[in-house]
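Report on the structure given below.
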Amino acid sequence: FSRMKNLFLAFVLGGPGSGKGTQCERIVETYGFTHLSAGDLLRREIASNSEHGAAILDIIKEGKIVPSNVTVKLIQRELESSESSRFLIDGFPRSDENRIAFEQIIGREPDLVLFFDCPEEEMVKRVLSRNQGRVDDNIETIKKRLTVFQELNLPVVNYYAEKGKLHKVSAVGTVDEIFERVQQIFSNYKCLLDQSSDEN
Ligand code: AP5
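Just so you know, we're using UniProt numbering here: the sequence shown kicks off at 45 and counts up by one.
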């Protein structure tokens with residue numbers, strides 16, 4: 045597990061529809077990160093008809109949170125099997141329990157935490173206008189996802205703010221405008237990013 049120490053790990057937090065996935069695509073293109081979306085990993089697990097897939101589907105349909113050990117194990121599998129040295133872990137940790145499970149299983153904290161801050165009515169509008177046929181993109185489930193976000197995710201945001209690792213980004217504006225804000229943050233991490241690519 046010594047490889048883990050040399051990786052650059054960034055967590056990407058924000059409510060449903062705050063634009064995490066959209067900004068992650070831009071970060072990947074510009075900085076060569078590998079993007080791990082907790083939601084995508086879970087949806088892939090469902091599609092693979094694995095042992096946990098059906099149970100995960102029921103939880104996601106309800107807008108609830110999947111048990112931490114399941115999500116962390118999926119992330120661990122990706123971190124171990126990839127050659128990459130820079131990872132964006134999007135939509136994770138969703139709760140203090142998630143965060144603690146990650147620290148215990150992976151054995152370290154992230155280098156940087158981005159938090160996309162977006163008003164609720166804007167998040168609802170964006171999710172409802174998305175047309176990808178996701179089982180959780182209906183008004184009833186979105187409301188539950190927003191409640192889960194307020195109750196479980198905001199304590200994680202506050203934890204990283206207290207540790208001085210959190211970078212709050214206003215998620216209002218065009219995709220380009222928001223990405224400019226993200227680039228300003230990454231410009232302060234240039235040394236650490238260079239180090240992660242040298243050591244791997
Ligand atoms: P997940 O897939 O992570 O979904 P989410 O957090 O609800 O976020 P979304 O993917 O809906 O939105 P996003 O912020 O990525 O926004 P996007 O860029 O797509 O999680 C789904 C479920 O999986 C959870 O509810 C939970 O059940 C489970 N889960 C996930 N992680 C878990 C964990 N750690 N533990 C347990 N369970 C977990 O943008 C949204 C739309 O807006 C798009 O159409 C986009 O084109 C548009 N848009 C983006 N930016 C802008 C902009 N600036 N202006 C206008 N439109 C914009």
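Cβ atoms here follow ideal geometry from the backbone N, Cα and C, with glycine treated the same way.
In angstroms, rounded to a whole number, what distance separates the CA positions of residue i and residue j?
i: THR134; j: LYS212; result: Note on identity: in this sequence residue 134 is Asp, with Thr being the wrong assignment. One C-alpha to the other measures close to 15 Å.
i: ASN113; j: ALA145; result: 7 Å
i: PHE52; j: GLN239; result: 9 Å
i: PRO111; j: LEU158; result: 23 Å
i: PHE77; j: ASP84; result: 16 Å
i: TYR233; j: ASN50; result: 15 Å
i: SER128; j: VAL219; result: 26 Å
i: ARG121; j: ILE150; result: 11 Å
i: TYR75; j: LEU236; result: 12 Å
i: HIS96; j: LYS169; result: 32 Å
If you measure from the CB of residue i, is any heavy atom of the ligand AP5 nearer than 7 Å?
i: SER231; result: no
i: LYS187; result: no
i: PRO60; result: yes
i: ILE149; result: no
i: LYS64; result: yes
i: THR191; result: no
i: ALA82; result: yes
i: ASN142; result: yes
i: PHE77; result: no
i: LYS117; result: no
i: VAL213; result: no
i: ARG170; result: yes
i: LEU132; result: no
Can you round the beta-carbon distance between residue i and residue j to whole angstroms, since I take them to be within the 8 Å contact cut?
i: residue 248; j: THR115; result: No information on residue 248 is available, as it lies outside the stretch 45 to 244 that the chain covers here.
i: LEU57; j: ASN197; result: 6 Å
i: LEU132; j: LEU210; result: That pair is no contact at about 15 Å.
i: PHE136; j: GLY63; result: Not quite, the Cβ-Cβ distance comes to about 16 Å (not below 8 Å), so this is no contact.
How is the alpha helix (DSSP H) around residue i delimited, first residue to last?
i: LYS54; result: Going by the sequence as given, residue 54 is Ala instead of Lys. Here ALA54 belongs to no alpha helix (DSSP H); instead the beta strand (DSSP E) covers 52 to 58.
i: residue 9; result: There is no way to answer for residue 9, as the model of the chain reaches only from 45 to 244.
i: ILE109; result: Unbroken run through ILE109: none, as it is neither H nor E.
i: LEU198; result: 198 to 206
Hey, could you find the ends of the beta strand (DSSP E) residue i is sitting in?
i: SER129; result: Where SER129 is concerned, there is no enclosing beta strand (DSSP E), given that its DSSP letter is neither H nor E.
i: ASP161; result: 156 to 161
i: VAL168; result: First-last for VAL168: 164 to 173, but that is the alpha helix (DSSP H), not the beta strand (DSSP E).
i: LEU190; result: Premise fails: LEU190 lies in the alpha helix (DSSP H), 183 to 192, not in any beta strand (DSSP E).
Since residue i sits in a beta bridge, which residues does DSSP pair it with?
i: HIS79; result: LEU132
i: HIS211; result: LEU158
Measuring only from the beta carbon, is residue i closer than 7 Å to any heavy atom that is part of the ligand FMN?
i: SER128; result: Because the ligand FMN does not appear in the structure shown, any question about it cannot be addressed here, the ligands present being the ligand AP5.
Give a yes or no on whether 8 Å exceeds the smallest Cβ distance from residue i to chain B.
i: GLU164; result: Among the chains in the structure shown there is no chain B, since it carries only a single protein chain.
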